[in-house]
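The next block holds one structure in the form of structure tokens; read it before the comments.
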Amino acid sequence: MSGFIARRLLQGVVLLCLVATIVFFLGRLTGNPVDMILLEDASAEDRAALIATLGLDGPLYEQFFIFIGNALQGDLGTSIRMRQPAADAFFSRLPNTLAVIPWALLLAMSVGIPLGVLAALNRGTFIDRMVGTVAVLGVATPSFWLGVLLIFVFSVELGWLPSGRMGGPSHYVLPVITLSAFLVAGFTRLVRSSMLEVMDSEYVKLARIKGLSEFVVVWKHCLRNALIPVLSLWGVFIGNLITGAIVTETVFAWPGVGRLTYEAVIFRDFPLLQATIILKAVLILSINLMVDILYAYVDPRIRLT
Amino acid sequence: MKTRLPLKNWLLASSLVVLGFMPAMAQNQTGTLIFAVESLGGQTLDPILEGRPGNATYQAVMYDSLAGFDFAKGGVGPGVAERWVLSDDGLNWTFHIRPGQKFHNNDPLTAHDVKFSLERQMAPNSLAAAAAVMRRTIKSMDVIDDLTLRVNTVSPQIGLPAGLSRAVAPEGAIMPKDYLEKVGEEEFRRKPVGSGPWRFVRSVPGDRIEFEAVSYPHWRGTPHFKNLHLLLVPEESTRVAMVRTGEAAIASIGPEAMLSASRSGLEVLAVPGTMQAMYQFYGTYRPEFKNSPVNNARVRQALSLAIDRQQIIDHIMNGRASMPFPLATFGYTEYLTHERWEKWAKEAFRYDPVMAKKILAEEGYPNGFELNFANTALPGTQFMVDIGTAIADMWTKVGVRVKLRHYEWGSFAPLLRGDQAPLVGGGSMYRTAGRPDVPWRYNSALNPEGVGERLLGDATTCEETCKEFLQVHRALSAERDVAKRTALTDRMVELIAGTWLAVPIIEGMGYYAINTRRVGQFDAIPGRHELGDVFERIPRAEQKPWKK
Numbered sequence: 001m002s003g004f005i006a007r008r009l010l011q012g013v014v015l016l017c018l019v020a021t022i023v024f025f026l027g028r029l030t031g032n033p034v035d036m037i038l039l040e041d042a043s044a045e046d047r048a049a050l051i052a053t054l055g056l057d058g059p060l061y062e063q064f065f066i067f068i069g070n071a072l073q074g075d076l077g078t079s080i081r082m083r084q085p086a087a088d089a090f091f092s093r094l095p096n097t098l099a100v101i102p103w104a105l106l107l108a109m110s111v112g113i114p115l116g117v118l119a120a121l122n123r124g125t126f127i128d129r130m131v132g133t134v135a136v137l138g139v140a141t142p143s144f145w146l147g148v149l150l151i152f153v154f155s156v157e158l159g160w161l162p163s164g165r166m167g168g169p170s171h172y173v174l175p176v177i178t179l180s181a182f183l184v185a186g187f188t189r190l191v192r193s194s195m196l197e198v199m200d201s202e203y204v205k206l207a208r209i210k211g212l213s214e215f216v217v218v219w220k221h222c223l224r225n226a227l228i229p230v231l232s233l234w235g236v237f238i239g240n241l242i243t244g245a246i247v248t249e250t251v252f253a254w255p256g257v258g259r260l261t262y263e264a265v266i267f268r269d270f271p272l273l274q275a276t277i278i279l280k281a282v283l284i285l286s287i288n289l290m291v292d293i294l295y296a297y298v299d300p301r302i303r304l305t
Numbered sequence: 306m307k308t309r310l311p312l313k314n315w316l317l318a319s320s321l322v323v324l325g326f327m328p329a330m331a332q333n334q335t336g337t338l339i340f341a342v343e344s345l346g347g348q349t350l351d352p353i354l355e356g357r358p359g360n361a362t363y364q365a366v367m368y369d370s371l372a373g374f375d376f377a378k379g380g381v382g383p384g385v386a387e388r389w390v391l392s393d394d395g396l397n398w399t400f401h402i403r404p405g406q407k408f409h410n411n412d413p414l415t416a417h418d419v420k421f422s423l424e425r426q427m428a429p430n431s432l433a434a435a436a437a438v439m440r441r442t443i444k445s446m447d448v449i450d451d452l453t454l455r456v457n458t459v460s461p462q463i464g465l466p467a468g469l470s471r472a473v474a475p476e477g478a479i480m481p482k483d484y485l486e487k488v489g490e491e492e493f494r495r496k497p498v499g500s501g502p503w504r505f506v507r508s509v510p511g512d513r514i515e516f517e518a519v520s521y522p523h524w525r526g527t528p529h530f531k532n533l534h535l536l537l538v539p540e541e542s543t544r545v546a547m548v549r550t551g552e553a554a555i556a557s558i559g560p561e562a563m564l565s566a567s568r569s570g571l572e573v574l575a576v577p578g579t580m581q582a583m584y585q586f587y588g589t590y591r592p593e594f595k596n597s598p599v600n601n602a603r604v605r606q607a608l609s610l611a612i613d614r615q616q617i618i619d620h621i622m623n624g625r626a627s628m629p630f631p632l633a634t635f636g637y638t639e640y641l642t643h644e645r646w647e648k649w650a651k652e653a654f655r656y657d658p659v660m661a662k663k664i665l666a667e668e669g670y671p672n673g674f675e676l677n678f679a680n681t682a683l684p685g686t687q688f689m690v691d692i693g694t695a696i697a698d699m700w701t702k703v704g705v706r707v708k709l710r711h712y713e714w715g716s717f718a719p720l721l722r723g724d725q726a727p728l729v730g731g732g733s734m735y736r737t738a739g740r741p742d743v744p745w746r747y748n749s750a751l752n753p754e755g756v757g758e759r760l761l762g763d764a765t766t767c768e769e770t771c772k773e774f775l776q777v778h779r780a781l782s783a784e785r786d787v788a789k790r791t792a793l794t795d796r797m798v799e800l801i802a803g804t805w806l807a808v809p810i811i812e813g814m815g816y817y818a819i820n821t822r823r824v825g826q827f828d829a830i831p832g833r834h835e836l837g838d839v840f841e842r843i844p845r846a847e848q849k850p851w852k853k
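Pasting the structure below:
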């Protein structure tokens, strides 16, 4: 097991180095924060002075090595716009993003898993097709559109829920539904196919021959085993939720890391952009590592491959 | 028999009257004014770290500016300084500070604070947009007494007071010297202190900034509400929804949301003269474009005649925009013969596709020509992209084959620097913010020695018009006589209008959706999109209902 974890950690470090390099150079290809700050009539000297103030002077490779050197010491730079450590800005917003993720996952699983089982049990029937349609709709519906629609119906027309912003429990309802819509579809399709595979297996036939009730066969024996592949997708889904929160956070004015990243891109705040992408990558890699370890624990065959 | 009260008795009596009113005034401030806005910029309350829009939206709330606004017609008016005088040799400005001002920590606001603030704005670590310009033009500052400051400049700077007014730029924001020196920059950024009609309460990053009204009379107006919350709500439809549900009283919107907002019963406030949507051509003077159609002023005029501005006003701006004045001029522009230019614009900016085709034919392009055009929009002005697309379509109708390319603003801005390679020989959309001072904008667009757009020429090529522009602009920068200054401004506008290099399309407005059950009727400042200097004058709904 320790060898398995060491391999995964090493892969993670390599991946992080790649992410850091790509985000550093790609960010700089898209423009310069100086152009967003300086007045139009600024002279070449004014521009040079501001570039120096922001630490953007010097050759690119030199800036890169300074950035990597500082990053290795835990310093991801200072946000150009906010003039605060970029990592601090990220961690001050991260709890807001993480606050909705468990609820979105919970909702997605409580709806997606039963729907997947239902579809598998009624393979080829009208119910199966209906569930399939729901799954396709969940994947195909753009979250910004769904979010705006939900606000219009439940906030503006019915007046039941707030339109947005972080607050009490009622503020979570619409963002959680919006975030989970995509995941419901994912869980449904995965559980369906996994269930169909399991239901054809020998031990399920044996359980039925033994005279166990259909309820026990389906919900205890089939579903437990069908959920193993679902576990492996948790890491991917949580990653999707963290990186894909930009749209939901924008629509619902939710002050999370998604919007922070978007603002960093728009204003060419390189240190903040680098910090948010790298820290998100660390977060996703850690979650995936945990899921891998859990998966290897649940299914020992994984450790051997 | 007449009895004369000694001066100190008058002062005592007046103080008692003021003290008697103060609790009543504080009692009269109730409720929370909630404003939803698409961006809070860097959400930093330190004026040296924020640009113009952020400053005008949320820093203006708590900081006063050295020069302020003319609230009635727009442009520059009294601020922290109630008046300012230029010396005979034009090399220094004397600012006379309004007496009796204080910061939120009760420190008096004096000329020492003003000097300190300006020096801080121009310091090397300042991110203020005009910091470098201030360093170049301001030689030194002398505090004459507590209420008088002299600013010495390296050359005559007629536009200096305007540059230190929020009507133009954020660099005039006044900060408390003693407090800042005592607590240091970091603490000041956590607990900022200003002298405006609202004091800082707290800032929740990415979410909101909260202010509380001062309870004493303020020269900008004493707030009617007790609290002011500025909410960051990036999505426009969410902002409109929040105003409809009453979660916010006012929200900034774009022209595309105006119809839905007014149909749903909201009041829509349009602030006149906040910007010009325009297009301009680059590098036409360069030798390689000598025979290019866009190097021909008549061809460029034909392109303007092919634009149906009224269609754009009606269909993209939903009727809430107006025909423009010439480049960067507005109804509130200083030192300009407005009637002349209004008349000129009406004729020059007419829609005349027949004439456009005729001119193109006369100039040797009966079948049109190919034109590279970059479409872009500054953050918050998404409608600019629609306008760019519309004019490209209108040009197509007179035979011009437009190769339209779309750029996000952050990617477009760097193209204006250096050799402007992707832009030269073609055009782009652009925007001019509503400002009362014309020379500033003309300098940034046309100065061949600058690093701006350099539309007339560059360091190596500066022909007749370019040379005359430089001459007029320099004369304007030093001219103190109002009549001569107006004549010079008119000449500069005339010179550039005749080139058809930078052509206004429409004069835009700033738009707000308002829940009339939450706030009473108010007017914004003409030409000033942001409401940072307006909140204190917004009444509560019961104080002044909206007239329908």
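Heads up: the protein sequence lines correspond to chains A and B, in order.
As numbered in my numbering, residues 1 to 305 make up the first sequence, in order.
As numbered in my numbering, residues 306 to 853 make up the second sequence, in order.
Here a beta-carbon is modelled for each residue, glycine too, at the ideal position from N, C-alpha and C.
Nothing here was measured: the structure is a model prediction, and the numbers come from that model.
Check your understanding: Is B:Val729 helix, strand or coil when you go by DSSP?
Key -> Of the three classes helix, strand and coil, the one that applies to B:Val729 here is coil, per DSSP.
Check your understanding: By Cβ distance, which residues of its chain are closer than 8 Å to B:Pro510, with the 5 residues on each side in sequence left out?
Key -> The answer, listed in chain order, is Gln348.
Review point. Using DSSP with H/G/I as helix, E/B as strand and the rest coil, what is B:Phe376?
Key: Reduced to three states, the DSSP call for B:Phe376 is coil.
Check your understanding: Alpha carbon to alpha carbon, how far is A:Ala71 from A:Gly77?
Key -> 8 Å
Exercise for review: Specify the secondary structure class of B:Asn677 as computed by DSSP and reduced to three states.
Suggested key: strand
Practice item. May I ask which residues mark the beginning and end of the beta strand (DSSP E) holding B:Pro831? Key: B:Pro831: not part of any beta strand (DSSP E); DSSP gives it neither H nor E.
**Study point:** 9 Å Cβ cutoff met for B:Ser520 and B:Ile514
**Key:** no
Practice item. Count the other C-beta atoms from every protein chain shown that fall within 10 angstroms of the C-beta of B:His529, then say buried if there are 16 or more, exposed otherwise. Key: Residue burial is scored here from C-beta neighbours: B:His529 has at least 16 other C-beta atoms within 10 angstroms and is therefore classed as buried.
Point to revise | At least 3 beta-carbon pairs within less than 8 Å: the segment 815 to 832 of chain B vs the segment 794 to 801 of chain B | key: no
Review point. Is DSSP giving B:Leu316 helix, strand or coil here?
Key: Since pLDDT at B:Leu316 reaches only 46, below the 50 mark, its modelled position is unreliable, and the value read off the structure follows with that caveat. In the structure shown, B:Leu316 falls within a helical segment according to DSSP collapsed to helix, strand and coil.
Check your understanding: Where do the ends of the beta strand (DSSP E) carrying B:Leu454 lie?
Key -> Unbroken beta strand (DSSP E) run through B:Leu454: 453 to 458.
**Study point:** Pick from A:Arg259, A:Asp46, A:Leu26 that is closest to B:Gly755, judged by C-alpha positions
**Key:** A:Asp46
**Study point:** Residue from B:Thr794, B:Ala472, B:Asp447 whose Cα sits closest to the Cα of B:Lys420
**Key:** It is B:Asp447 whose Cα lies nearest to the Cα of B:Lys420.
Practice item. Output, in chain order, the set of chain B residues within a Cβ distance shorter than 9 Å of A:Val251. Key: Pro539, Glu540, Ser542, Thr543
Check your understanding: Can you check whether the CB of B:Ala566 is closer than 9 Å to the CB of B:Ile339?
Key -> no
Practice item. Using a Cβ-Cβ cut-off of 9 Å, state whether A:Leu273 counts as contacting chain B. Key: Not one chain B Cβ lies under 9 Å of A:Leu273.
Practice item. Determine which residues of the segment 83 to 94 of chain A have a Cβ less than 9 Å from any Cβ of chain B, and write them out in chain order. Key: Arg83, Gln84, Ala89, Ser92, Arg93
Point to revise | Rounded straight-line distance, which links the Cα of B:Thr579 to that of B:Leu632 | key: 13 Å
**Study point:** Inter-stretch contact at 8 Å, needing at least 3 Cβ pairs: the segment 133 to 140 of chain A / the segment 151 to 158 of chain A
**Key:** no
Review point. Any idea what DSSP makes of B:Pro328, helix, strand or coil?
Key: Summary for B:Pro328: the model assigns pLDDT 48, below 50, so the residue's position carries little reliability, and this model does not support an answer.
Review point. By the criterion of Cβ-Cβ separation under 8 Å, what are the contact partners of A:Met166 in chain B?
Key: Asp512
Practice item. Examine chain B for any beta-carbon lying closer than 9 Å to the beta-carbon of A:Ser322, and answer yes or no. Key: The displayed coordinates of chain A run from 1 to 305. Any statement about residue 322 of chain A would go beyond what the structure contains.
Check your understanding: With DSSP run on the structure shown, which of helix, strand or coil describes B:Ser508?
Key -> strand
Check your understanding: In the DSSP assignment, what residue or residues form a beta bridge with B:Gly813?
Key -> B:Met580
Check your understanding: The beta strand (DSSP E) spanning B:Met628 covers which residue range?
Key -> It is not in any beta strand (DSSP E) - B:Met628 carries neither H nor E in the DSSP assignment.
Practice item. Would you verify that the beta carbon of B:Glu835 is, or is not, closer than 9 Å to some beta carbon of chain A? Key: no
**Study point:** Length-filtered (3 minimum) beta strand (DSSP E) runs lying within the segment 420 to 504 of chain B
**Key:** Counting only runs of 3 or more, we get 443 to 450, 453 to 458.
Point to revise | Alpha-carbon to alpha-carbon, B:Met583 and B:Thr737 | key: Near 7 Å, if we compare the C-alpha coordinates of B:Met583 and B:Thr737.
Check your understanding: When burial is assigned at 16 or more other CB atoms within 10 Å of the CB, is B:Ile449 buried or exposed?
Key -> exposed
Check your understanding: Under the DSSP definition of a beta bridge, which residues are partnered with B:Val777?
Key -> Within the DSSP bridge table, the entry for B:Val777 names no partner.
Point to revise | Inter-residue Cα distance where the pair is B:Met427 and B:Glu355 | key: 13 Å
**Study point:** Neighbourhood of B:Arg614 by C-beta distance below 7 Å, restricted to the same chain and skipping five residues each side
**Key:** Met628, Phe654, Tyr656, Ile810, Ile811
Exercise for review: Can you pull the chain B residues whose beta carbon is under 8 Å from the beta carbon of A:Ser143, in chain order?
Suggested key: Simply none; closest approach about 12 Å.
Review point. For B:Glu486, does the count of other Cβ atoms within 10 angstroms reach 16, so buried, or fall short, so exposed?
Key: exposed
Check your understanding: Would you call the segment 496 to 503 of chain B and the segment 459 to 474 of chain B touching, i.e. three or more CB-CB distances under 8 Å?
Key -> Taking 8 Å as the limit for Cβ pairs, the verdict is that the segment 459 to 474 of chain B does not touch the segment 496 to 503 of chain B.
Exercise for review: Evaluate A:Ala6 with the Cβ neighbour count: other Cβ atoms within 10 Å of its Cβ, from every protein chain shown; 16 or more gives buried, anything less gives exposed.
Suggested key: Exposed, by the Cβ-count rule.
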